[in-house]
Amino acid sequence: MLSRQVMKHFRIERPWNQAGYFETERLTQFREDVMAAIMAGHLIAISGPVGVGKTVMINRLQEQITADKKIIVARSLSVDKPRVVLPALITALFLDISGDPDMKVPTQPERRERLLQEAVRKAKKPIALFIDEAHDLHGNTLNGLKRLREVIGAGGGTLSVVLVGHPRLRNDLRRATMEEVGHRTVKFEFSSIGDERREFVSWLLGQCLAERVEPLDVFEDAAQQYLAERLSTPLQFAEHLNRAFADAYRMGADQVTREIVEETISVGFDDLDARLARIGYSPKALADLTDTRLPEIRRFLKGQLDTDRTDELSTLMRKAGLPI
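So in the UniProt record's numbering the end of the sequence shown lands on 324, straight run, no missing numbers.
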């Protein structure tokens with residue numbers, strides 16, 4: 001976050017996260033495609049790297065759905081996703097369909113599912129259950145969601161489940177062991193900026209600078225171009241704009257130059273562990289994926305394993321869809 005002194009010096013009126021929504025024809029089409037899948041009652045997976053703007057996009061989509069009043073939106077608000085099991089998700093459905101936060105949800109499975117069938121049927125609208133951070137859901141929970149859709153369908157209702165998570169979610173759904181769920185899932189890859197990174201930088205600056213201040217007045221073109229070449233997500237742009245402006249202020253400059261920006265790019269920005277973390281693979285996730293002990297994975301990420309073992313682990317990760 002920029003200090004008030006830095007913002008005043010460069011005539012920045014609002015933080016980057018208050019810029020608004022970078023709307024493009026591609027994003028409009030993306031939302032329309034997701035909406036069509038929801039209306040059809042599909043199991044849907046939307047994946048994208050850390051900081052790409054998935055949550056902002058999903059919130060915007062939910063607002064659009066709520067405003068249209070054709071679909072009932074249900075949300076899983078549980079924070080500890082690895083511990084979320086099917087009964088918790090069914091509770092979220094009951095609460096949002098009924099609109100009663102004090103509703104007592106039955107604990108006996110057979111009775112609970114029958115009452116849910118009836119609740120969906122009485123609602124007379126399709127239901128869309130949104131689950132963020134879904135890459136942390138257990139495989140058994142994903143299988144349970146598939147069966148739950150079938151139960152609702154057998155009762156005459158329509159339930160769509162929208163899973164939102166890191167690219168690890170997409171890769172997991174493609175694994176042979178997840179075929180029962182993965183082959184029934186409509187998969188979308190989300191990139192809020194895509195190839196329009198240069199346009200995004202100018203837009204972001206323009207949205208946050210004071211009136212009559214042009215982006216080029218405080219951030220030279222070569223510096224904007226360099227950021228666009230190196231970065232890819234709104235979160236990265238916000239962080240490195242903060243660093244660039246703060247460094248320029250300390251140097252007494254009135255404009256951010258390419259040289260200043262080059263100095264602000266994080267040490268280790270392109271290291272393997274950083275790239276894997278952005279798509280949802282922590283050392284523990286890598287250890288689980290490769291059936292390897294955590295200390296060995298940490299040595300692999302630091303380049304401390306022998307060549308043969310490094311090649312072996314790299315092959316396993318490539319087969320799983322990781323950019324090694």
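Using N, Cα and C, we set each Cβ at its ideal position, and we do this for glycine too.
Note that the structure is predicted; figures quoted are calculated from it, not measured.
Locate the alpha helix (DSSP H) running through residue i, then write down its first and last residues.
i    : result
A88  : 86 to 98
L2   : Unbroken run through L2: none, as it is neither H nor E.
L205 : 197 to 208
S314 : 307 to 319
D247 : 234 to 250
T66  : 54 to 68
I38  : 25 to 39
I152 : 139 to 154
G51  : Per DSSP, G51 belongs to no alpha helix (DSSP H) and is neither H nor E.
To the nearest angstrom, report how far apart residue i and residue j are at their CA atoms.
i    : j    : result
V218 : L209 : 9 Å
D271 : G303 : 11 Å
F245 : T233 : 18 Å
T243 : L2   : Rather than Thr, the amino acid found at residue 243 in this sequence is Arg. Straight-line Cα distance between these residues: approximately 8 Å.
I97  : G156 : 16 Å
H183 : G252 : 57 Å
K85  : E23  : One detail in the question is off: residue 85 reads as Val in this sequence, not Lys. Each residue's alpha carbon lies about 35 Å from the other.
D172 : I72  : 28 Å
L231 : R121 : 47 Å
I260 : D247 : 7 Å
K284 : E214 : 46 Å
E113 : I90  : 8 Å
E263 : Y249 : 14 Å
A74  : A92  : 7 Å
S160 : P126 : 8 Å
K124 : P167 : 34 Å
F200 : Q224 : 10 Å
T55  : P323 : 24 Å
M57  : A36  : 16 Å
A228 : H240 : 11 Å
A277 : G53  : 16 Å
Q236 : L305 : 30 Å
E312 : G165 : 28 Å
A67  : T292 : 48 Å
Taking DSSP as the reference, what is the three-state secondary structure of residue i?
i    : result
I279 : coil
F300 : helix
G165 : strand
L159 : strand
V6   : helix
V213 : coil
I260 : helix
L322 : coil
Q108 : coil
Q255 : coil
A285 : helix
P295 : helix
G20  : coil
G182 : helix
R175 : coil
K125 : coil
P101 : coil
D273 : helix
D80  : coil
Going by DSSP, what residues sit across from residue i in a beta bridge?
i    : result
S266 : For S266, which the question treats as bridged, DSSP gives no partner whatsoever.
R75  : F130
F188 : I46
I12  : L209
Locate the beta strand (DSSP E) running through residue i, then write down its first and last residues.
i    : result
A45  : 43 to 47
L227 : From DSSP, L227 is part of no beta strand (DSSP E) but of the alpha helix (DSSP H) over 221 to 230.
Examine the Cβ distances between the region 128 to 143 and the region 61 to 75 and report whether three or more of them are shorter than 8 Å.
Flag = yes, the region 128 to 143 and the region 61 to 75 touch.
Do the region 185 to 197 and the region 33 to 46 meet, that is, are 3 or more Cβ pairs less than 8 Å apart?
yes
At a cut of 8 Å, does the region 94 to 108 reach the region 136 to 145 through at least three beta carbon pairs?
no
Any contact of the region 5 to 14 with the region 143 to 151, i.e. 3+ C-beta pairs under 8 Å?
Because the criterion of three Cβ pairs below 8 Å is not met, the region 5 to 14 and the region 143 to 151 do not touch.
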